[in-house]
Amino acid sequence: MEHIKLLAIKFFVTLAFLYIVLGAGYDMAFGNVFLITMVVSLLSYVVGDMIILPRTNNTIATISDFVLAFVIIYFMSDALTVGGDLFTASLISSVGLAVFEYMFHKYVRSELEEDTGANEVDTNVAQLRTEASEELTPYPEDDE
Numbered sequence: 001m002e003h004i005k006l007l008a009i010k011f012f013v014t015l016a017f018l019y020i021v022l023g024a025g026y027d028m029a030f031g032n033v034f035l036i037t038m039v040v041s042l043l044s045y046v047v048g049d050m051i052i053l054p055r056t057n058n059t060i061a062t063i064s065d066f067v068l069a070f071v072i073i074y075f076m077s078d079a080l081t082v083g084g085d086l087f088t089a090s091l092i093s094s095v096g097l098a099v100f101e102y103m104f105h106k107y108v109r110s111e112l113e114e115d116t117g118a119n120e121v122d123t124n125v126a127q128l129r130t131e132a133s134e135e136l137t138p139y140p141e142d143d144e
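Numbers 1 to 144, taken from UniProt numbering, label the letters of the sequence shown in order.
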């Protein structure tokens, strides 16, 4: 249920931002913006938030989401529309989404952290001790 909530938040914020940039700024149809949003949201959630973010840090995951969003928006805009300045539209959209992703990754980490309550016992705690002493006679004495 947590993943559905996170994916819905990501989808609606991405849709709103892309509609402002691509729809209002570059006169792209709402259907095209909706399709691009679906692909960007789903792929960046799976790749960026579920695969890259747990294995690396927030900065690396944000950079990978920026590159992924730029490539998807650029090529899908090229396939779905005719003409226009696709590079600038893709760049502005990707930068805005990267800013959102940076904050969203912090929220994802806090939501998906496992609850370590007081009921759990940590069985991996090794209580090792060392003994330090001096030998009474560390070396045998020579009787010469």
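C-beta atoms are modelled at their ideal positions from N, C-alpha and C, and glycine is treated no differently.
- The residues L15, L18, Y19, L22, G23, in chain order, have a CB closer than 8 Å to that of V33 in the same chain once the five nearest residues on each side in sequence are set aside.
- The beta carbons of L86 and D78 sit about 6 Å from each other, so the pair counts as a contact at 8 Å.
- The beta carbon of T59 lies closer than 6 Å to none in the same chain, with the five residues before and after it left out.
- The C-alpha of D49 lies about 26 Å from the C-alpha of G31.
- Taken atom to atom, the span from the alpha-carbon of L112 to that of G84 is near 40 Å.
- Taking a C-beta distance under 8 Å as the contact criterion, S44 and D65 qualify as a contact pair.
- When secondary structure is reduced to three states using DSSP, M1 falls in the coil class, being assigned neither helix nor strand.
- Under the DSSP assignment, E141 falls outside any alpha helix (DSSP H); it carries neither an H nor an E label.
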